[in-house]
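Line order of the protein sequences matches chains A and B. Under the working numbering, think of the first position of the first sequence as 1, with each following residue one higher. Under the working numbering, think of the first position of the second sequence as 270, with each following residue one higher. These notes are about the structure you will find just below.
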Amino acid sequence: MWFTVNIYRRLIAVQLKAQLQYRAAFLLEIAAAAITLFMFFGALALVFHRFGQLGGWSLAEVAFLWGLVELAFGLMDLTFSGFDPGDFGQRVRKGSFDQILLRPLSPTLQLLGADFPVRRLGRIIQGGVILWIALALLDLTWTPLKLAYLPLVLVSQIGFFGGLFIIGATITFWTVESIEAINIFTYGGSELIAYPMHIYPAGLRRFFTYIIPAAFLNYYPALFLLDKPDPFHLPAWTPCLTPVAGFGLLGLALLFWRFGIRYYQSTGT
Amino acid sequence: MSIIKVTNLQKYFKVAKHQRGLWGSLRSLITREYEPVRAVDGISFEIQPGELIGYLGPNGAGKSTTIKILTGLLVPSGGEVLVNGYVPWRERRRYVARIGAVFGQRTTLWWDLPVIESLDLLKHIYQIPAEQYRRNLAEFRELLQLDAFLNTPVRSLSLGQRMRADICAALLHNPDLLFLDEPTIGLDVVAKERIRQFIRHINQERGTTVILTTHDLSDVAKLCRRVMIIDRGQLLFDGRLGALQHRFGGRRELVVDLADDYPHAGVDGARIAHRDGQRVTYQFEPGHITASELIGRISARYRILDLAVREPDIEATIRRIYEERLLEKTGPMLGSNGYR
């Protein structure tokens, strides 16, 4: 265990050191994130100026959904970048995944340590700032339960998106042509749950509730934290499903990942 | 006790059949037909600790499939492999901790990091004791002349420098077995020679077993006592390079500068391979006629100014073996010279 932590720490340290050489890219990304932040608020404010609300939700409430997902996705992207399906597909195609299998370390640990894109800090800060503004505007009634629940939601979302990344990476063992299709679920999913689920058509909403359980990761936690009624009348314990959906998906993804490595070892490239 | 024992190793791949035309490609979206390809088709061999083996074969012969199985990257379709007491793909992580592998086309080092930092990271990954790491690094720095670029990021290294760094990286943990896949590809003569000397050193001084695949036959000629040749998934030759050359190397050449432009420079027992004015190149079979007999016959008819005997070149021999499939026609030569 100590060995794993130590190696992970070293792999990340090495990534940080390597990226210090590209300071310009880092600063540009932060600047881009700041601009995006203003544009987002500008666009959203225009929408709210015209319609007053979005599906009955105020600007601050939607900003809460948006900021939370943005923060979680950014943190996930920082830690799970080695599994980014596009990059990983390249790795498999170029044969450099073999180099990973040649080292006496778990491939999962090596990929977690294979990339740590600091420039994603832009997105993380942006998500954090929007979440913070939303919380400041909302004037929530905090209970100890809610205080403990919010970080759990964040971690569950990281696990959920990480799981989607791992599933996407694993699929590239079979085909690299479907990366765009996989991105619909990861990037598309994160965009989708940044808005209240009840604004979507029933089919889409059900798909992202029961097939890909994305709704349990942001919408239902928000209903609970913001004390809003559930328009779909799911049981009161539904917010408890957040970690189940997040870590359940991550667990399934890791099983699939193992299966994929076994497939890779039987076919090569 | 052999360090590698391979018995009836097989690896089949399924390759999707290409369907013709628009209808065909539409159909292949739904049902794909597969054709089995026998990449490795029943090969067996044993390697003793401390051997330095050249593993040869034309492209697509099954060479890299064998190496991938031996390094634990691929699971075979059939047969048995025991390396260093492990079944490579079954106990991969424990197994790879005791081997080193360099694939000439790729690097195991971190692209953006100075070489020394990659090596330091490997020290922790392989849990190399500090003293062993220090001693090995000092030795390899000198033998591979790493000092000039130890602090250069890997992405800025020349091919030869990168290869030296990679070979160093593969040996820091004192592996029992070293796999080298095309370690001299694309290098100049000096760089090649330096790497060959190092491989010989590691093999002789440390007793590390080395398996070398290469296209460069001078690597093999200079380094390997034993050679294995694979083609179409089958082992066609396993023995000394000399035995191969003796059997197929065949023709030696005699290059003669004649004193005059003789219209017919022919003699019995040799054929004229090439003629350029007064310079004539004769080819002859060593079994049929000796060089001195041939020289005697030529000088009896023509006046000779100068001459040189050229030995058959292994490269040409091996190429002939591949192209004319000589081993398939005459039957494989296995286990000659006391191997197996």
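Even glycine gets a Cβ: it sits at the ideal position worked out from N, Cα and C. Source: prediction; values computed, not measured.
**Report entry** Under 8 angstroms by beta carbon: chain A residues contacting Leu342 (chain B)
**Finding:** In the second sequence, counting from the first residue as 1, residue 342 (chain B) sits at position 73. Within 8 angstroms Cβ-Cβ: Asp98, Leu101, Leu102, Gln265, Gly268.
Query raised in the report: Do we get a CB-CB distance below 8 angstroms when we pair Gln21 (chain A) with the residues of chain B?
Result: Walking along the first sequence from the start, residue 21 (chain A) turns up at place 21. Answer yes: the Cβ-Cβ gap between Gln21 (chain A) and chain B drops below 8 angstroms somewhere.
Query raised in the report: Are the Cβ atoms of Tyr531 (chain B) and Ala539 (chain B) separated by less than 8 angstroms?
Result: Locating residue 531 (chain B) in the second sequence gives position 262, where the first residue counts as 1. Locating residue 539 (chain B) in the second sequence gives position 270, where the first residue counts as 1. Contact: no.
Query raised in the report: Is the beta carbon of Arg322 (chain B) sitting closer than 8 angstroms to the one on Leu449 (chain B)?
Result: Mapped onto the second sequence, residue 322 (chain B) falls at position 53. Mapped onto the second sequence, residue 449 (chain B) falls at position 180. The residue you asked about is not Arg; residue 322 (chain B) is Ile in the sequence shown. Against a cut-off of 8 angstroms, the Cβ pair of Leu449 (chain B) and Ile322 (chain B) comes out as no contact.
Query raised in the report: Between Phe517 (chain B) and the rest of its own chain, which residues show a CB-CB distance below 7 angstroms, the 5 nearest in sequence each way excluded?
Result: Here residue 517 (chain B) refers to the residue found at position 248 when the second sequence is read from its first residue. For Phe517 (chain B), where only same-chain residues beyond five positions count, the Cβ hits under 7 angstroms are Thr586, Arg589, Ile590, Leu595.
Query raised in the report: Is there a Cβ from chain A that is less than 8 angstroms from the Cβ of Tyr355 (chain B)?
Result: The residue labelled residue 355 (chain B) in the question sits at position 86 within the second sequence. Taking Cβ atoms only, chain A never reaches closer than 8 angstroms to Tyr355 (chain B), which makes this a no.
Query raised in the report: How many Å lie between Lys632 (chain B) and Phe165 (chain A) at the Cα?
Result: This structure leaves residue 632 (chain B) out entirely; chain B is present only between 270 and 609.
Report task. Pick helix, strand or coil for Gly607 (chain B), following the three-state DSSP scheme. Result -> Indexing the second sequence from 1 puts residue 607 (chain B) at position 338. Unreliable placement is indicated for Gly607 (chain B), whose pLDDT of 41 sits below 50; the coordinate value is still reported in the next sentence. Looking at Gly607 (chain B) - three-state DSSP - the assignment turns out to be helix.
Requested in this report: Can you grab the Cα-Cα spacing for the pair Ala13 (chain A) / Asn6 (chain A), in whole Å?
Outcome: Residue numbering aside, residue 13 (chain A) sits at position 13 when the first sequence is read from its first letter. Residue numbering aside, residue 6 (chain A) sits at position 6 when the first sequence is read from its first letter. Cα to Cα, the separation comes out at about 10 angstroms.
**Report entry** Beta-carbon proximity of Gly159 (chain A) to Phe247 (chain A), cut-off 8 angstroms
**Finding:** Taking the first residue of the first sequence as 1, we reach residue 159 (chain A) at position 159. Taking the first residue of the first sequence as 1, we reach residue 247 (chain A) at position 247. Yes. Within cutoff.
Query - Distance CB(Ile316 (chain B))-CB(Ser271 (chain B)) smaller than 8 angstroms - result: Counting from one through the second sequence, the residue named residue 316 (chain B) turns up at place 47. Counting from one through the second sequence, the residue named residue 271 (chain B) turns up at place 2. Cβ distance < 8 angstroms, so Ile316 (chain B) and Ser271 (chain B) count as in contact.
Query raised in the report: Which of helix, strand or coil does DSSP assign to Lys228 (chain A)?
Result: Here residue 228 (chain A) is taken as the residue at index 228 of the first sequence, counted from 1. Three-state DSSP puts Lys228 (chain A) in coil, outside helix and strand.
Requested in this report: Give the straight-line distance between the Cα atoms of Val309 (chain B) and Val356 (chain B), rounded to the nearest whole angstrom.
Outcome: As a working mapping, residue 309 (chain B) is identified with position 40 in the second sequence. As a working mapping, residue 356 (chain B) is identified with position 87 in the second sequence. If I take the Cα positions, the gap works out to 18 angstroms.
Report task. State the Cα-Cα distance for the pair Val489 (chain B) and Glu29 (chain A), rounded to the nearest angstrom. Result -> Along the second sequence, read from residue 1 onward, the residue named residue 489 (chain B) stands at position 220. Along the first sequence, read from residue 1 onward, the residue named residue 29 (chain A) stands at position 29. Answer to the nearest angstrom: the Cα atoms are 52 angstroms apart.
Query - Gln126 (chain A) beta carbon less than 8 angstroms from that of Arg24 (chain A) - result: Stepping through the first sequence from its first residue, residue 24 (chain A) is reached at position 24. Stepping through the first sequence from its first residue, residue 126 (chain A) is reached at position 126. At residue 24 (chain A) the sequence reads Ala, which differs from the Arg that was named. Taking 8 angstroms as the Cβ cut-off, Ala24 (chain A) and Gln126 (chain A) do not qualify as a contacting pair.
Report task. Could you have a look at His533 (chain B) and say whether DSSP puts it in helix, strand or coil? Result -> The residue you call residue 533 (chain B) lines up with position 264 of the second sequence. Coil.
Report task. Closer than 9 angstroms, Cβ to Cβ, to anything on chain B: give me those residues from the stretch 195–215 of chain A, in chain order. Result -> none
Requested in this report: Starting from the C-beta of Val62 (chain A), find all residues in its chain whose C-beta is less than 6 angstroms away, skip the five residues before and the five after it, and write them out in chain order.
Outcome: Translated into the one-based positions of the first sequence, residue 62 (chain A) becomes position 62. Excluding residues within five positions, the ones whose Cβ falls inside 6 angstroms are Leu54.
Requested in this report: Could I get the ranges of all uninterrupted alpha helix (DSSP H) runs contained in the stretch 87–114 of chain A, with 4 residues as the minimum, in chain order?
Outcome: 97–101, 107–112
Query raised in the report: Nearest CA to the CA of Val69 (chain A): which residue from A:Leu150, A:Val176, A:Gln99?
Result: In the first sequence, residue 69 (chain A) corresponds to position 69, counting from 1. If we check each option's Cα against that of Val69 (chain A), A:Leu150 comes out closest.
Query raised in the report: Run through DSSP, which three-state label would His484 (chain B) get?
Result: As a position in the second sequence, residue 484 (chain B) is number 215, starting the count at 1. In the structure shown, His484 (chain B) sits in coil (DSSP, three-state: anything other than H, G, I, E or B).
Requested in this report: Using the Cα positions of Ser190 (chain A) and Met39 (chain A), report the straight-line distance between them to the nearest angstrom.
Outcome: Within the first sequence, numbered from 1, the residue matching residue 190 (chain A) stands at position 190. Within the first sequence, numbered from 1, the residue matching residue 39 (chain A) stands at position 39. About 18 angstroms.
Report task. Could you confirm whether any beta carbon from chain B is found closer than 8 angstroms to the beta carbon of Leu145 (chain A)? Result -> Sequence index remark: in the first sequence, residue 145 (chain A) carries index 145 (1-based). No, no contact with chain B.
Report task. Measuring only between beta-carbons, confirm whether His484 (chain B) sits less than 8 angstroms from chain A. Result -> As a first step, residue 484 (chain B) is located in the second sequence; it is residue number 215 there, counting from the start. False, the Cβ-Cβ gap to chain A never drops below 8 angstroms.
Report task. Whole angstroms is fine: what's the gap from Val273 (chain B)'s alpha carbon to Pro383 (chain B)'s? Result -> Here residue 273 (chain B) refers to the residue found at position 4 when the second sequence is read from its first residue. Here residue 383 (chain B) refers to the residue found at position 114 when the second sequence is read from its first residue. The question names Val, but residue 273 (chain B) in the sequence shown is Ile. Roughly 35 angstroms separates the two Cα atoms.
Requested in this report: For Tyr187 (chain A), count neighbouring C-beta atoms within 10 Å of its own C-beta (all shown protein chains included) and say buried if the count is 16 or more, exposed if not.
Outcome: Reading the first sequence from its first residue, position 187 is the one you call residue 187 (chain A). Counting Cβ neighbours within 10 Å, Tyr187 (chain A) comes out exposed, since fewer than 16 surround it.
**Report entry** Three-state secondary structure assigned by DSSP to Ser271 (chain B)
**Finding:** One-based indexing of the second sequence puts residue 271 (chain B) at position 2. In the structure shown, Ser271 (chain B) sits in coil (DSSP, three-state: anything other than H, G, I, E or B).
Query - Where the alpha helix (DSSP H) through Val344 (chain B) begins and ends - result: Taking the first residue of the second sequence as 1, we reach residue 344 (chain B) at position 75. Unbroken run through Val344 (chain B): none, as it is neither H nor E.
Report task. Closer than 7 angstroms by beta-carbon distance: list the chain B residues that pair up with Gly95 (chain A), in chain order. Result -> Position 95 of the first sequence, counted from the start, is the residue given in the question as residue 95 (chain A). Simply Arg375.
Query raised in the report: Between the stretch 129–139 of chain A and the stretch 400–414 of chain B, do at least 3 Cβ pairs fall closer than 8 angstroms?
Result: no
Query - Whole-number beta carbon distance between Gly429 (chain B) and Ala460 (chain B), since they are thought to touch under 8 angstroms - result: Residue numbering aside, residue 460 (chain B) sits at position 191 when the second sequence is read from its first letter. Residue numbering aside, residue 429 (chain B) sits at position 160 when the second sequence is read from its first letter. Rounded, the Cβ-Cβ distance is 4 angstroms, consistent with contact.
Query - Beta-bridge pairing of Gln279 (chain B) - partner residues as DSSP gives them - result: Within the second sequence, numbered from 1, the residue matching residue 279 (chain B) stands at position 10. B:Asp310, B:Gly347.
Requested in this report: Check the Cβ-Cβ distances between Ala285 (chain B) and every residue of chain A, and say whether any is below 8 angstroms.
Outcome: As a working mapping, residue 285 (chain B) is identified with position 16 in the second sequence. No, Ala285 (chain B) lies away from the interface with chain A (no Cβ there is under 8 angstroms from its Cβ).
Query raised in the report: Counting contacts by CB-CB distance shorter than 8 angstroms, is Glu349 (chain B) in contact with chain A?
Result: Numbered from its first residue, the second sequence carries residue 349 (chain B) at position 80. With 8 angstroms as the cut-off, Glu349 (chain B) does not count as an interface residue toward chain A.
Report task. State the Cα-Cα distance for the pair Arg495 (chain B) and Arg367 (chain B), rounded to the nearest angstrom. Result -> Mapped onto the second sequence, residue 495 (chain B) falls at position 226. Mapped onto the second sequence, residue 367 (chain B) falls at position 98. Each residue's alpha carbon lies about 23 angstroms from the other.
Query raised in the report: With a Cβ-Cβ cutoff of 8 angstroms, do Phe80 (chain A) and Thr172 (chain A) count as a contact?
Result: Counting from 1 along the first sequence, the entry for residue 80 (chain A) is found at position 80. Counting from 1 along the first sequence, the entry for residue 172 (chain A) is found at position 172. No, Cβ-Cβ distance for Phe80 (chain A) and Thr172 (chain A) is not below 8 angstroms.
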